[in-house]
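I have placed the structure first, in the form of structure tokens, so that the comments after it can refer back to it.
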Amino acid sequence: MRILFIAMANSIHTARWIDQLAGRGWDIHLFPVESGRLHPDLKNLTIHDFLPHKPYGSNHGLRLAGAWPFPGGATLARHIMKRLMPSWSDRVRRLARTISKLKPDIVHSLEMQHAGYLTLDAKNHLDGKFPPWIFTPWGSDIYLFGRLSEHARKIKDVLSSCNYYAGECHRDVKLARAFGFDGEVLMISPVTGGFNTEQLRLFRQPGPTSARRLILLKGYQNWAGRALVGLQAIRLSADVLKGYRIAVYLANQDVRIAAELLSQSTGIPIEIVPRSSHDEMLRLHGRARVSIGLSISDGISVSMLEAMVMGSFPVQSNTSCGNEWIRDGETGRLVFPEDPENVAGAIRLAVTDDALVDSASDINARLAAERANESLIKPEVVNMYKKVFSRGKSQYVVK
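720 is the number of the first residue of the sequence shown in this note's numbering; add one for each residue after it.
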């Protein structure tokens, strides 16, 4: 079976999803939505890009199709090619050529605004003759962008053109149907695949969650992320945080400055976590009593799932699909992402109610073992591709 993924090559989500197919002898290919660094966890596949940046010092079974063959001169070559052959830099045409030459049995787009749009344009360039197409949304792809006039039409076009849908939450399935998707929903599962829940128990701090004295805050502050609201909430709840420390990960400069000033004014130790591996982030959740993630839009937040797996009490925006995993006030708190008072109330609850966080930890561990366990999700993913392959049998479909 030959599968072509159109996705962000620098994303851990892409790497973890594709890794579920390792060891099956399938012919796996990746067309990056833009040139740049490859995630170091990508392995055992062919990358289709003129100038991909291979992870330094590692092979990982990566094959580079169309790569610049020399150790230097790549940037100059790119500029020359763009000037002499403008169509060369047209990613739509390059993807269309790749599909025509490769003839994959399945095309799978991971994410909408880059991968989905690009795949749709390549399909249109090929006059509608196309392999079976699976689409998977990430995070805010439909829930937020579908409400923006600039994107709504394009989202409808993607969803009315793809053959299959594999998503992360039921909320987005309903939205996809409303946007014109009339194909088959193959599965609902986390976009990164599952977790080795048994092994990850070893990453947890020994003892109950109530004995932990770390609060973890996702540091995204951008068009969706609201980390600064989280810092305001910590200020408002500072009186109950004596003996606690705060760790902020994925923080930009605005968040770093605000965190340092907050630490100075409250005396609460605040650490900015440097870029870390996935295992290191899981260990952090495994030492945290509370894990906070705030954004105006999300799907199934991966950091929320990581918190649940690692026994940390999740405080998550109510603008995500968190309600499909969390029982509000029992196994976590769903909060308004732009209301620091509301978030502060959730923090106060989580740091003052030992019985609550210990009970939530036990319930979430059982739920993760049932719904986020890689031993259950991986076979389902493999069977999904087998199902689509058996129907397509390398024959292109028209839709």
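C-beta: ideal position from N, C-alpha, C; glycine also.
CA-to-CA distance, residue j to residue i, given in whole angstroms
{"i": "residue 827", "j": "residue 722", "result": "7 Å"}
{"i": "residue 878", "j": "residue 1039", "result": "21 Å"}
{"i": "residue 1002", "j": "residue 1008", "result": "12 Å"}
{"i": "residue 868", "j": "residue 837", "result": "19 Å"}
{"i": "residue 1099", "j": "residue 957", "result": "45 Å"}
{"i": "residue 1074", "j": "residue 1050", "result": "11 Å"}
{"i": "residue 1102", "j": "residue 983", "result": "54 Å"}
{"i": "residue 899", "j": "residue 759", "result": "37 Å"}
{"i": "residue 888", "j": "residue 810", "result": "30 Å"}
{"i": "residue 848", "j": "residue 816", "result": "13 Å"}
{"i": "residue 769", "j": "residue 754", "result": "8 Å"}
{"i": "residue 882", "j": "residue 860", "result": "18 Å"}
{"i": "residue 1072", "j": "residue 934", "result": "15 Å"}
{"i": "residue 1064", "j": "residue 960", "result": "13 Å"}
{"i": "residue 1022", "j": "residue 998", "result": "12 Å"}
{"i": "residue 730", "j": "residue 1066", "result": "30 Å"}
{"i": "residue 989", "j": "residue 1018", "result": "28 Å"}
{"i": "residue 855", "j": "residue 954", "result": "38 Å"}
{"i": "residue 747", "j": "residue 821", "result": "11 Å"}
Cβ-Cβ separation, residue j to residue i (assumed contact under 8 Å), whole Å
{"i": "residue 946", "j": "residue 992", "result": "With a Cβ gap of about 12 Å, residue 946 and residue 992 do not count as contacting."}
{"i": "residue 1062", "j": "residue 1013", "result": "7 Å"}
{"i": "residue 931", "j": "residue 964", "result": "Their Cβ separation, rounded to whole angstroms, is 10 Å, which puts residue 931 and residue 964 out of contact at 8 Å."}
{"i": "residue 824", "j": "residue 720", "result": "5 Å"}
{"i": "residue 938", "j": "residue 970", "result": "3 Å"}
Other residues of its chain near residue i: CB distance less than 6 Å, five sequence neighbours each side excluded
{"i": "residue 1011", "result": "936, 949 and 1034"}
{"i": "residue 1026", "result": "1004, 1010 and 1033"}
{"i": "residue 763", "result": "741 and 780"}
{"i": "residue 727", "result": "733 and 752"}
Closest Cα partner of residue i within the set the options
{"i": "residue 1004", "options": "971, 925 and 1043", "result": "925"}
{"i": "residue 1006", "options": "838, 927 and 743", "result": "927"}
{"i": "residue 1016", "options": "999, 1041 and 994", "result": "1041"}
{"i": "residue 862", "options": "1088, 1037 and 850", "result": "1037"}
{"i": "residue 994", "options": "967, 979 and 738", "result": "967"}
{"i": "residue 1044", "options": "1020, 765 and 873", "result": "1020"}
{"i": "residue 864", "options": "835, 921 and 1105", "result": "835"}
{"i": "residue 903", "options": "812, 884 and 917", "result": "884"}
{"i": "residue 940", "options": "1057, 783, 761 and 1082", "result": "1057"}
Close beta carbons around residue i, own chain, < 7 Å, minus the five adjacent residues each side
{"i": "residue 923", "result": "1005, 1029 and 1030"}
{"i": "residue 919", "result": "1001, 1028 and 1029"}
{"i": "residue 736", "result": "829, 910, 911 and 912"}
{"i": "residue 915", "result": "1093"}
{"i": "residue 977", "result": "947 and 950"}
{"i": "residue 1076", "result": "928, 929, 1008, 1032 and 1069"}
Beta-carbon contacts of residue i that lie in its chain and below 8 Å, excluding the five residues immediately before and after
{"i": "residue 880", "result": "839, 842, 852 and 1118"}
(Q) Report the start-end ranges of each beta strand (DSSP E) in the stretch 804-835 that is 3 residues or longer and not cut off at the edges. (A) 825-829
Q: May I have a chain-ordered list of the alpha helix (DSSP H) segments no shorter than 4 residues that lie completely inside the stretch 828-916?
A: 836-844, 868-880 and 889-897
Q) Enumerated in chain order, which unbroken segments of the beta strand (DSSP E) with a length of 3 residues or greater are wholly contained in the stretch 994-1080? A) 1009-1012, 1032-1036 and 1052-1054
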